[in-house]
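Undergrad:
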Amino acid sequence: MPALSKPFLHWMVLPTLLVLLAIIGYPVVSTVYLSFFGYNLLDFTPPEYLGLGNFKDMANDRIFWISLKNTLYYTGGTVLVSMLIGTAVALLLENLKGPVWSCVRALVVSPWAVPFVVVAFLFRFMYMQNGGIVNDILLDLGVIASPVSWLNRADISLGAIIVANIWATIPFFFLLVSSALSGIPDAVLESARVDRAGLWSTIFHIKLPFLRNPLVVGSLLMVISNFNDFAKVWVMTQGGPGYATTTLVVYVYRVAFERFEIGYASALGLIWLLLLLLVSVFYIRLLWNRQND
Amino acid sequence: MTDRSHHARGNSNATRRILGKAFQYVFIAIALFWTIAPIYWMLSTSLKTELEATRLDPSLVPENVTLDNYVRLFQGDLPFVSFFVNSVITCFLAAIVSVVIAVPAAYALSRRNFRTAEQTGYLVLVVRMFPMIVLLAPLYLVLMNTGLLDTMFGLILGYTTFGLPFAVWMLKGFIDAVPVEIEEAARVDGYPQWEILLKIIVPLIYPGVVTTGIFVLMEAWNNLIYPLTFITSIEKQSLPAALVLTFTGQFKTDWGGMMAASAITTLPLMIAFFAVQRSMVRGLTAGSVTGT
Numbered sequence: 001m002p003a004l005s006k007p008f009l010h011w012m013v014l015p016t017l018l019v020l021l022a023i024i025g026y027p028v029v030s031t032v033y034l035s036f037f038g039y040n041l042l043d044f045t046p047p048e049y050l051g052l053g054n055f056k057d058m059a060n061d062r063i064f065w066i067s068l069k070n071t072l073y074y075t076g077g078t079v080l081v082s083m084l085i086g087t088a089v090a091l092l093l094e095n096l097k098g099p100v101w102s103c104v105r106a107l108v109v110s111p112w113a114v115p116f117v118v119v120a121f122l123f124r125f126m127y128m129q130n131g132g133i134v135n136d137i138l139l140d141l142g143v144i145a146s147p148v149s150w151l152n153r154a155d156i157s158l159g160a161i162i163v164a165n166i167w168a169t170i171p172f173f174f175l176l177v178s179s180a181l182s183g184i185p186d187a188v189l190e191s192a193r194v195d196r197a198g199l200w201s202t203i204f205h206i207k208l209p210f211l212r213n214p215l216v217v218g219s220l221l222m223v224i225s226n227f228n229d230f231a232k233v234w235v236m237t238q239g240g241p242g243y244a245t246t247t248l249v250v251y252v253y254r255v256a257f258e259r260f261e262i263g264y265a266s267a268l269g270l271i272w273l274l275l276l277l278l279v280s281v282f283y284i285r286l287l288w289n290r291q292n293d
Numbered sequence: 001m002t003d004r005s006h007h008a009r010g011n012s013n014a015t016r017r018i019l020g021k022a023f024q025y026v027f028i029a030i031a032l033f034w035t036i037a038p039i040y041w042m043l044s045t046s047l048k049t050e051l052e053a054t055r056l057d058p059s060l061v062p063e064n065v066t067l068d069n070y071v072r073l074f075q076g077d078l079p080f081v082s083f084f085v086n087s088v089i090t091c092f093l094a095a096i097v098s099v100v101i102a103v104p105a106a107y108a109l110s111r112r113n114f115r116t117a118e119q120t121g122y123l124v125l126v127v128r129m130f131p132m133i134v135l136l137a138p139l140y141l142v143l144m145n146t147g148l149l150d151t152m153f154g155l156i157l158g159y160t161t162f163g164l165p166f167a168v169w170m171l172k173g174f175i176d177a178v179p180v181e182i183e184e185a186a187r188v189d190g191y192p193q194w195e196i197l198l199k200i201i202v203p204l205i206y207p208g209v210v211t212t213g214i215f216v217l218m219e220a221w222n223n224l225i226y227p228l229t230f231i232t233s234i235e236k237q238s239l240p241a242a243l244v245l246t247f248t249g250q251f252k253t254d255w256g257g258m259m260a261a262s263a264i265t266t267l268p269l270m271i272a273f274f275a276v277q278r279s280m281v282r283g284l285t286a287g288s289v290t291g292t
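Order-wise, the sequence lines are chains Y and X. Mapping of the first sequence onto UniProt numbering: residues 1 to 293, in sequence order. Mapping of the second sequence onto UniProt numbering: residues 1 to 292, in sequence order.
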């Protein structure tokens, strides 16, 4: 079909485009608009134009910078560690066949089906200072001398939440890598065997290159999903103690729905949108470079 | 090389293999413990009595197994059944609405039968990467001004903001895998495009459609921030949000009841998840790996 005989748009994409316009396009435009205004829902006064005021406030907003740092730690820590462990476990289970090992695989994957809110409550329960199972076991093993208040100490609470989050994220990478490994052509593995390539060189020189693209795409999906993750932090610590575990989502939620400062919340959201688009562009370029090789 | 050294090397190779196997199994055992322990702890706590569940020296196995925590959920003051039904209805409808709107769009994007197909594809991809919190405040205002705050419809709209772009992109991946040649005969016979889509493509990618729907459903079920902000009366609340809101009340120290509620919240997701587990990762990443 010659290109020009094709219609500009097709009616089949219209419903999607219209719905996206209404529920995403309009809100995004109004976020941009509102970010230039001071608008508090509790004041019952119309929005007041501030120019770049919100953004100047943001630069001096200590909590904004703390929550940005926490978000980066939370996302980066979770994705990196989950990816490493998920890949390792997938490699360990790769050649084990049979019903027993299928069962083991299903169990390893199961945390993915646990709702975020449940993950959060479960770990909050296990982290309890008095009567929590984590302290109980660590005390019995002699790792710690006295019960630790995991979620109430500013120095370790973010780490404790990240551990819970890693528990919930590993299955994704495990499944991803497992399915990528099964997609490696037998001929490639066979030639490695003929060349008497060792275990490690087979993994590093033959398997990992095949895993690169799936891992790039998978980690992008998880970076986005962890940037947006509200449930775990909110249920476990509500961002505390102090601001030790306040991520950007939690901060925006507090600004918008506890202080009702919609204007400032919009400005925060806008910065965040730009940040995430930057990450996405970086990832897409990474993929493209690979494809053009 | 002498006979002896040959023998010794064979021996050390065998030892290394056995050691390697041992390491492999030990690490798998650790991974299994790490995965199962929290889930075991949730289930075993939910079967303990109220007193035993919050004991300072926790028992690894429930001493008096009881279903009391589950019974209390359904007989207590809280409309636990309503929470459950609310979540099921809103998440199911969000999944169905997303998929129904997305199927034709995914088909058109996959077959590139219009000039701006590439640009539209990128647009959907970018939207899919949107941080949902950006939409929170303006969407709240929209719902407030249209009287949709505190309604199931408003919540479904909220879920659709991430469900629809996800569904389009995932379904496109599944349709990409269907060769165009399959449609040729029907096209030559003059069948309209929507009929080709409904009678040839959809039956072929049916498992992909179900997977996509369940993925949207899981995302919606996991979502906490939209129900927490868009729903204001407790009896209309979703299950996860209700758990969070009531924990300060009824469940405050009742960890047995809390874990029973958690188990019930997990069950539908477990079932849905294991039904589609295999095609899930393929659908999630296929579209992105092959580019547009």
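All C-beta atoms in this analysis are idealised placements derived from N, C-alpha and C, irrespective of residue type, glycine included. None of the values given here were measured: they were computed from a predicted structure.
(1) Excluding five sequence neighbours on each side, which residues of the same chain lie with their C-beta closer than 7 Å to the C-beta of residue 160(Y)?
(2) Would you list, in sequence order, the uninterrupted alpha helix (DSSP H) runs of no fewer than 4 residues that lie entirely inside the segment 187 to 239 of chain X?
(3) Residues of the segment 230 to 247 of chain X with a CB closer than 9 Å to any CB of chain Y: list them in chain order, please.
(4) Could you give the residue range of the alpha helix (DSSP H) that holds residue 108(X)?
(5) List the residues of chain Y that residue 206(X) touches, going by C-beta distances under 7 Å, in chain order.
(6) List in chain order: all unbroken alpha helix (DSSP H) runs of 4+ residues lying wholly within the segment 102 to 143 of chain Y.
(7) Rounded to whole angstroms, what's the CA-CA distance from residue 292(X) to residue 167(X)? Just pull it up for me.
(8) Can you confirm whether residue 228(Y), when its beta carbon is compared against all beta carbons of chain X, has any partner nearer than 7 Å?
(9) How big is the Cα-Cα spacing for residue 271(X) and residue 86(X)?
(10) Note down the Cα distance separating residue 348(X) from residue 202(X), rounded to an integer number of angstroms.
(11) Looking at the secondary structure, which residues open and close the alpha helix (DSSP H) in which residue 191(Y) lies?
(12) Determine the closest residue to residue 134(X) out of 115(Y), 244(Y) and 250(Y), with distance taken between C-alpha atoms.
(13) Below 8 Å, can you find three or more Cβ-Cβ pairs linking the segment 72 to 84 of chain X to the segment 157 to 171 of chain Y?
(14) Going by alpha carbons, who is nearest to residue 224(X) out of 146(X), 106(X) and 159(X)?
(15) Could you check what DSSP says for residue 40(Y) in three-state terms: helix, strand or coil?
(16) If the cut-off is 7 Å on Cβ atoms, which residues from the segment 260 to 271 of chain X count as contacting chain Y, listed in chain order?
(17) Am I right that residue 209(Y) and residue 180(Y) are in contact with their C-beta atoms under 8 Å? What's the rounded C-beta distance?
(18) Report the neighbours of residue 130(Y) on chain X: residues whose CB is nearer than 8 Å to its CB, in chain order.
(19) Taking the alpha-carbon positions, what's the residue 70(Y) to residue 228(Y) distance?
(20) Can you give the beta carbon distance from residue 235(Y) to residue 121(Y), rounded, assuming they're within the 8 Å contact cut?
(21) Quick check on residue 14(X) - is its C-beta less than 7 Å from some C-beta in chain Y?
(22) In terms of alpha-carbon separation, which member of 171(Y), 198(Y), 67(Y) and 137(Y) lies closest to residue 17(X)?
(23) Looking at residue 147(Y): is its Cβ nearer than 7 Å to the Cβ of residue 269(X)?
(24) Would you kindly work out how many angstroms separate the C-alpha atoms of residue 207(X) and residue 102(X), rounded to a whole number?
(25) Put residue 292(X) into one of helix, strand or coil per three-state DSSP.
(26) Between the segment 91 to 106 of chain X and the segment 3 to 19 of chain Y, do three or more beta carbon pairs fall short of 8 Å?
(27) Report the residue from 108(Y), 81(Y) and 20(Y) whose alpha carbon sits nearest the alpha carbon of residue 36(X).
(28) Exposed or buried, residue 76(Y), counting other C-beta atoms within 10 Å across all chains shown (16 or more means buried)?
(29) Between residue 169(X) and chain Y, is there a C-beta pair that is closer than 7 Å?
(30) Give the residues of chain X in contact with residue 269(Y), contact being defined as C-beta atoms less than 9 Å apart.
(31) Where in the segment 227 to 263 of chain Y do unbroken runs of the alpha helix (DSSP H), each at least 4 residues long, occur, reported from the N-terminal end onward?
(32) Can you tell me whether residue 183(X) is helix, strand or coil according to DSSP?
(33) Rounded to whole angstroms, what is the Cα-Cα separation between residue 175(Y) and residue 68(Y)?
(34) When the Cα of residue 32(X) is compared with those of 242(Y), 136(Y) and 104(Y), which residue comes out closest?
(35) Tell me which residue opens and which closes the alpha helix (DSSP H) that residue 76(Y) is part of.
(36) Could you pull the DSSP bridge partners for residue 49(Y) from this structure?
TA: On the basis of the coordinates in this document:
(1) 127, 150 and 151
(2) 193 to 196, 206 to 222 and 225 to 230
(3) 239, 240, 241, 243, 244 and 247
(4) 80 to 111
(5) Residues of chain Y passing the Cβ test: none, with the nearest at roughly 19 Å.
(6) 116 to 126 and 133 to 141
(7) Because the pLDDT at residue 292(X) is just 32, under 50, the model does not fix this residue reliably, and the value given afterwards should be weighed accordingly. Near 15 Å, if we compare the C-alpha coordinates of residue 167(X) and residue 292(X).
(8) yes
(9) 18 Å
(10) Outside the shown range of chain X, which is 1 to 292, sits residue 348(X), and nothing can be said about it.
(11) 186 to 194
(12) 250(Y)
(13) no
(14) 159(X)
(15) strand
(16) 262, 265, 266, 269 and 270
(17) Wrong, their Cβ atoms sit about 11 Å apart, outside the cutoff.
(18) 56
(19) 13 Å
(20) 6 Å
(21) no
(22) 198(Y)
(23) no
(24) 15 Å
(25) At residue 292(X) the pLDDT is 32, less than 50, meaning the model places this residue with poor confidence; the figure from the coordinates comes in the next sentence. Coil.
(26) yes
(27) 108(Y)
(28) exposed
(29) no
(30) 131, 133, 134, 135, 136, 137 and 138
(31) 231 to 236 and 248 to 257
(32) helix
(33) 30 Å
(34) 104(Y)
(35) 62 to 93
(36) 37(Y)
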